Amino acid sequence: MAAAIRIRDEIARIIGHPIFQSSPAQRALLTYFGDRSIERLGPPTQTEIATEALGRRDDYDPTSDSSVRVQVSRLRKNLWRYYTIEQSPDGLCLHVPPGRYELLLATRERAYPQPESKTAPSPAAPPSPAAPGPIEPPSSIPPEVPVDEPAAATDRARTASIRRWWIPAAIAAGLATLAVLLWWLGPLRPAPVRDGPPVLALEVAEASGLDPEAARQYGQLVAVARRQFDYSLVSDTVKGHAEAGDYIITISAHPLGNGTGIRIRAIDATGNVFLRAEHPLDQGEETRAAFASDMLYLTSLNGLIAQRELDRAGAEPGTAYQCFLAIENRRGEGSAVTDLVSDCRTRFPGSRYEPIWLTRLAFAEYQAAIIAGEAIERSGRKWSYLQEALERDPFNPYATLVAAKVELANGNCGPARVLTNRALSYGQSYPTLISAAFSDLENCPGIIDEPAIMITEFERIAETSTFMDPLQGLYLVIASIALDRPDIARKIAALIDPGNKGEVSNAARLFARSVLEPGFFDSNRSRVGTVLTRFVWGERARTSVLDWLDRNGGKIPAPSPTTTPAPE
């Protein structure tokens with residue numbers, strides 16, 4: 001278990017590095033190898049890598065297509081490059097051994113050994129002390145320049161090397177001077193509009209002086225925060241560089257009452273603190289739930305950072321990122337959102353949000369097909385949208401979720417299992433996505449790994465939320481029904497705002513009333529069934545939800561009030 005957590009944490013750090021950010025295929029391959037290592041599935045074949053990690057067709061032929069070998073070789077070299085720049089926290093490194101298709105965790109010395117020198121030291125001269133320097137690439141990666149060269153060639157190479165050195169150095173000096181001038185002149189020019197998401201700097205204070213149990217709790221909560229920010233769609237994260245951040249999140253341990261607490265502060269670029277929270281470290285799961293709720297409140301698509309960025313954007317999205325936020329915050333408006341997606345794709349072609357936008361279009365077309373009485377099929381333009389989204393980013397949680405729903409509707413439980421668990425792994429910050437994954441499960445029961453973790457998350461949302469986004473509320477109610485959790489269904493239904501307008505809001509309100517009001521479902525069964533087909537695509541799953549509402553709709557008792565004992 002510890003090794004599995006260590007591998008997941010290390011992968012989360014690596015895929016956020018610039019070496020991997022520009023290559024979805026490399027991120028997908030690294031995560032795929034990591035998942036197999038954690039699940040102890042053994043090394044995959046080239047065909048499995050091609051079809052399961054890289055999105056190739058089932059007829060992939062490794063004898064005529066070398067893409068798998070090329071990508072694995074590239075991954076091996078990229079990991080080496082990463083570890084020449086970054087230090088792992090405990091000295092352990094991930095590596096793909098030469099000639100093998102698996103990801104291992106080993107010490108730096110074992111993963112990336114220093115190659116032995118091929119030239120023996122001269123007996124006339126004492127050996128030079130070893131000087132610190134960059135790690136050499138492992139012997140399986142060929143050096144850039146051959147080791148053995150004739151003397152004349154070496155002289156010519158040395159002369160060329162000098163030229164290669166001083167010309168870039170002169171250019172660099174000139175650029176540095178220009179940079180200083182631009183810095184001085186900066187206030188004379190208007191500030192540029194940021195095109196991408198804001199940068200969030202995460203500053204974590206050392207947990208010095210804590211007792212072992214408090215230190216363990218603190219470390220676990222910090223890990224929750226890092227994971228939440230690593231997978232955030234509303235911000236990019238840097239660690240420990242406050243001057244580089246548009247927002248700064250500080251986490252520290254402080255005295256609280258008779259014990260120790262964890263303190264959170266969220267600060268914007270002007271120094272304004274827009275979130276303050278403290279939680280005791282000795283209350284176990286209750287503290288973890290409250291802390292995770294704060295993190296979600298910061299990073300969710302309708303959370304604090306997203307809303308501040310939307311306010312900054314104004315009425316008309318001016319960047320791809322602002323388009324993305326506008327779409328996600330208007331997702332309950334049905335066809336109007338589809339029009340906005342098409343407009344944003346036209347204005348910002350090739351955006352990093354293209355996989356999400358393609359998935360939105362696919363989802364809308366599948367819903368239109370359902371309304372027209374058509375079957376959910378793995379064909380046509382809507383399926384092409386999904387395939388293009390997955391080719392651009394094989395681990396995009398939205399694309400993998402909708403693809404999983406298509407496979408579930410068709411009873412293809414093998415692909416559905418892979419896609420569903422991939423969506424949950426990379427979409428843990430997004431309750432709507434998690435609940436949507438559970439809504440269709442009756443078609444392929446038992447395919448979610450570790451469902452108890454997700455159910456605990458539903459319980460936490462039901463207990464701590466004070467408002468509910470319509471789409472989130474709709475899917476949480478349906479997921480609670482699918483899990484036969486009337487207590488969660490009732491709490492979520494009561495949070496759905498009856499005043500919201502739009503197609504999704506109307507659907508959410510319909511299900512909330514079906515859960516809460518006696519007799520409502522009996523009078524509206526046909527209407528509820530029609531709406532349900534738009535959001536739950538598997539017939540078996542839909543029948544299960546309607547049967548549950550037949551038995552329980554409007555009959556769930558309200559929770560008994562809790563009493564607090566009087567102080568002694």
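Quick note: the sequence shown uses full-length UniProt numbering, first residue 1, plus one each step. Think of the CB as a built atom: it goes at the ideal place given N, C-alpha and C, for glycine as much as any other residue. Fair warning: this is a prediction, and the values are worked out from it, not measured in the lab.
If you drop the 5 nearest sequence neighbours on each side, which residues of the same chain put their C-beta closer than 6 Å to that of residue i?
| i | result |
| --- | --- |
| residue 102 | 43 |
| residue 53 | 28, 29 and 32 |
| residue 345 | 357 |
| residue 207 | 215, 218 and 253 |
| residue 507 | 474 and 531 |
| residue 540 | 442 and 443 |
| residue 397 | 423, 426, 427 and 433 |
| residue 177 | Low local confidence applies: a pLDDT of 37 at residue 177 is under 50, so the model's placement there is unreliable, with the coordinate-based value given in what follows. Excluding sequence neighbours, residue 177 sits near nothing in its chain. |
| residue 306 | 234 and 325 |
With a 10 Å radius around its C-beta and 16 neighbouring C-beta atoms as the bar for buried, classify residue i as buried or exposed.
| i | result |
| --- | --- |
| residue 251 | buried |
| residue 407 | buried |
| residue 41 | exposed |
| residue 571 | Outside the shown range of the chain, which is 1 to 568, sits residue 571, and nothing can be said about it. |
| residue 380 | exposed |
| residue 35 | buried |
| residue 382 | buried |
| residue 127 | Any reading at residue 127 must be qualified, since the residue scores a pLDDT of 35, below 50, and its modelled position is unreliable; no value is offered. |
| residue 158 | Its pLDDT being 38, under 50, residue 158 is placed unreliably in this model, and the coordinates cannot settle the point. |
| residue 65 | exposed |
| residue 432 | buried |
| residue 96 | buried |
| residue 367 | buried |
| residue 37 | buried |
| residue 551 | exposed |
| residue 3 | exposed |
| residue 317 | buried |
Between the Cα of residue i and the Cα atoms of the options, which residue gives the shortest distance?
| i | options | result |
| --- | --- | --- |
| residue 409 | 535, 28 and 480 | 535 |
| residue 495 | 457, 503, 218 and 515 | 515 |
| residue 88 | 96, 74, 107 and 75 | 107 |
| residue 519 | 553, 477 and 548 | 553 |
| residue 320 | 291, 295, 354 and 290 | 354 |
| residue 322 | 233, 290, 254 and 237 | 233 |
| residue 417 | 430, 400 and 433 | 400 |
| residue 443 | 81, 316 and 405 | 405 |
| residue 493 | 512, 272, 478 and 502 | 512 |
| residue 261 | 281, 248, 375 and 249 | 281 |
| residue 571 | 83, 464, 100 and 11 | This structure gives no information on residue 571, because the portion of the chain shown stretches from 1 to 568. |
| residue 295 | 276, 347 and 311 | 276 |
| residue 67 | 82, 79, 83 and 49 | 49 |
| residue 75 | 517, 23, 349 and 385 | 23 |
| residue 265 | 15, 112, 548 and 225 | 225 |
| residue 82 | 16, 287 and 348 | 16 |
| residue 313 | 197, 430 and 39 | 197 |
| residue 291 | 222, 91 and 351 | 222 |
| residue 402 | 373, 435, 249 and 258 | 435 |
On the DSSP letters alone, give me the boundaries of the alpha helix (DSSP H) that residue i sits inside.
| i | result |
| --- | --- |
| residue 109 | 108–111 |
| residue 70 | 67–85 |
| residue 255 | Premise fails: residue 255 lies in the beta strand (DSSP E), 247–256, not in any alpha helix (DSSP H). |
| residue 284 | 284–299 |
| residue 325 | 320–329 |
| residue 543 | 539–552 |
| residue 506 | 503–516 |
| residue 570 | For residue 570 there is no data in the structure shown, the boundaries of the chain being 1 and 568. |
| residue 378 | Run containing residue 378: none; DSSP gives neither H nor E here. |
| residue 454 | 451–464 |
Below 8 Å on the Cβ atoms is my guess for residue i versus residue j; work out the distance and round it to an integer in Å.
| i | j | result |
| --- | --- | --- |
| residue 199 | residue 246 | 5 Å |
| residue 471 | residue 331 | 6 Å |
| residue 361 | residue 337 | With 8 Å as the limit, residue 361 and residue 337 do not qualify as a contact, their Cβ atoms being about 10 Å apart. |
| residue 585 | residue 460 | Here the chain comprises residues numbered 1 to 568, so residue 585 is not present and cannot be evaluated. |
| residue 458 | residue 439 | About 12 Å separates the two Cβ atoms, so there is no contact after all. |
| residue 412 | residue 448 | Contact doesn't hold; Cβ gap of about 16 Å is too wide. |
| residue 630 | residue 6 | There is no way to answer for residue 630, as the model of the chain reaches only from 1 to 568. |
Suppose the cutoff is 7 Å on Cβ atoms and the five residues either side in sequence are ignored; what does the same chain contact list for residue i look like?
| i | result |
| --- | --- |
| residue 328 | 301 |
| residue 388 | 358 |
| residue 47 | 60 and 62 |
| residue 78 | 19, 20 and 26 |
The beta strand (DSSP E) that contains residue i, what's its start and end?
| i | result |
| --- | --- |
| residue 199 | 199–204 |
| residue 260 | 259–268 |
| residue 274 | 273–280 |
| residue 444 | It is not in any beta strand (DSSP E) - residue 444 carries neither H nor E in the DSSP assignment. |
| residue 92 | 92–95 |
Report all residues from its chain with a CB closer than 8 Å to the CB of residue i; omit the five preceding and five following residues, and keep chain order.
| i | result |
| --- | --- |
| residue 308 | 268 and 274 |
| residue 542 | 529, 532, 533 and 536 |
| residue 165 | With a pLDDT of only 37 at residue 165, under the threshold of 50, the placement of this residue in the model should not be trusted; the figure read from the coordinates follows. Taken in chain order, the list of residues that qualify is empty. |
| residue 58 | 51 |
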